[in-house]
Structure formats: C-alpha cells, structure tokens
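Adding 116 to a residue's 1-based position in the sequence shown gives its number in our numbering. Note that the Cβ used here is the ideal one computed from N, Cα and C, for glycine as well. Please read all numbers here as calculations on a predicted model, not as lab measurements. Working notes, beginning with the structure itself.
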Amino acid sequence: MFRNLGTSLLDPWRRWGADRRWLREGVFAYDLQKRLDVECKKLEAQSAALARHADAWVALVGDMNQALKEVGDVDNWARAIEADVTQCAATLERVYRTRGGAGDGPALGEGVTVFTSFGQFF
C-alpha cells in the first residue's frame with residue numbers, strides 16, 4: 117500500500133523527468149547564447165585592437181610617404197644644382213678656349229655672365 121502511494125506521488129515527477137527534453141534544450145540554448153556573448157565580446161575587443169593597429173600603420177605609411185617626397189625633392193634639387201654646375205663648367209671652358217687659354221681674358225665677373233636655373237651666376 118505504501119509502495120503504491122509512493123509510486124503515485126512520484127508519478128508526476130517521473131513524467132516530468134521523462135519529458136524534460138524541453139528543459140535540456142532550453143539549458144543548451146542558454147549555454148550556447150552565453151558562449152556566443154563571450155565570443156562576441158572577444159571579437160569586439162580584437163576588432164578594436166585591429167582598428168588601432170590599422171590606424172598606426174596608416175600613420176606610419178603617411179610619414180614614410182612624406183619622407184620619400186622629401187627625398188625626391190632633395191634629389192630634384194641635387195640634379196638641378198648638378199645641371200647648373202655642369203652648365204657653368206661648360207661656359208667657363210668655352211670662355212677659356214675662346215680666349216686661347218692664355219689667361220689674358222677677362223677675370224670672372226668682368227664680361228662673363230653665366231645664367232643658371234637659379235638666375236644669373238656671374
């Protein structure tokens with residue numbers, strides 16, 4: 117008699133235990149949602165770090181680009197100076213040959229004018 121009473125009292129709990137698949141699925145879904153939240157936070161932190169690194173690289177490339185422009189400007193300046201010096205040397209050599217190389221021609225500044233890209237030189 118008590119055995120039947122215990123069985124009848126526990127019967128709803130047994131049915132609930134047998135039919136608790138919905139509970140397992142709910143707990144599983146909750147657990148997955150928690151894991152997804154953790155992964156999303158990690159991904160958000162990594163994305164922010166990546167954005168910071170990308171900004172740093174953009175700044176570095178910009179600085180390097182500016183430095184290369186400056187080197188290019190120096191290179192152009194050096195080529196212009198070289199061309200002017202070459203022109204001056206050619207003019208002086210021509211004057212020297214015209215005067216016969218005797219040294220009796222005009223001294224620099226006396227009748228010899230050399231024009232460069234920067235203006236009048238002598």
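key: Arg140, DSSP secondary structure in three states   = helix
query = Where Ala194 and Val201 are concerned, what is the direct C-alpha to C-alpha distance, given to the nearest angstrom?
reply = 10 Å
key: beta strand (DSSP E) runs wholly inside the segment 139-214, at least 3 long, in chain order   = none
task = Would you tell me roughly how many angstroms separate the C-alpha atoms of Trp173 and Ala199, rounded to the nearest one?
result = 38 Å
query = To the nearest angstrom, how far is it from the Cα of Leu148 to the Cα of Ala170?
reply = 32 Å
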